[in-house]
Structure formats: structure tokens, C-alpha cells
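One structure is given below, encoded as C-alpha cells.
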Amino acid sequence: MAELKKKILIIEDEADIVNITRFRLQKWGYEVIVATDGKTGIDYAREHRPDLIFLDLGLPVISGHDVCKTIKADPNVQTVPIILFTASTDRIKRELRELQVEDYIVKPFEPEELKSKVEKLCACKHS
1 MAELKKKILI IEDEADIVNI TRFRLQKWGY EVIVATDGKT GIDYAREHRP DLIFLDLGLP
61 VISGHDVCKT IKADPNVQTV PIILFTASTD RIKRELRELQ VEDYIVKPFE PEELKSKVEK
121 LCACKHS
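Read in the working numbering, the sequence shown has 76 at position 76, and its numbers run on one by one without any break.
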């Protein structure tokens, strides 16, 4: 029986970040779902129940902070690990605690850093 691909949801409105992240994740064997605004991100998280979520804080429609709080309050998806996309590390430690997210990645990022964080939180290895 074939192993099911791990699903990763990217909630990000910057096309370049979405394209680079999606390309890398698909190359490494992950199924990728993309939402470009907060409301769609919440809907997709509930519908697809991903194994991991990448979340930008500066989103249109519903902010990344509110997306995170909504997901963490929903019993059906609250255990899904979340990695924040951030352009600044100034307040990130406080936000990690406040939003109860597992990790963060600073934009722009190196492919090796992305892969390391994904493998750690998905608890699976892809060559």
C-alpha cells in the first residue's frame, strides 16, 4: 500500500514566497494546499486537516494573528503544528508564546532551513 503524502497548508499572500515554498515542498514529496487570505486559510485548515501549516501574520481579510487563534481554538485542527512566516525577528519570541505556535521561519529563507523545520514537525523524512 502506498504511503499517503503529508499535507501542508500555506497561508501566505506574497506570490514569490508561495511559489518558492510550494515548489520545494512538492519536490520533497509533500501535498501542498495554498490560501492567500486568512478566511480561506481557516476554511482550508478545517476542510483539509493538514499535517502542518505555514502562516504569514500580515494577511488580508483576517489577520494571521486571528487565523492562528481561530485554528488553535478549534478542537478539530488545534493540534496541527504552525510555523510562522516572518520578515522580522524583533517580536517573534513573544508571538511564539502568545500564539502557541511551534516555530517560525524568517523570510527570505534557505531551502535547507525550510526542509529541516518541515521534517521536524511532520516527523517524517523525505530525500
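No residue lacks a Cβ here, since even glycine has one placed at the ideal position from N, Cα and C. Owing to the predicted nature of the structure, the values given are computational and were not obtained by experimental measurement.
Item                                                                                   : Value
Proximity of residue 101 and residue 84 at Cβ, strictly below 7 Å                      : yes
CB contact flag (residue 80, residue 42, <7 Å)                                         : no
Distance between beta carbons of residue 61 and residue 37, contact taken as under 8 Å : 4 Å
Buried/exposed call for residue 27, threshold 16 Cβ in 10 Å                            : exposed
Unbroken alpha helix (DSSP H) run spanning residue 44, endpoints                       : 38-48
Where residue 107 sits in the DSSP three-state scheme                                  : coil
Simplified DSSP assignment, three categories, for residue 127                          : With a pLDDT of only 38 at residue 127, under the threshold of 50, the placement of this residue in the model should not be trusted; the figure read from the coordinates follows. Here residue 127 sits in coil by DSSP.
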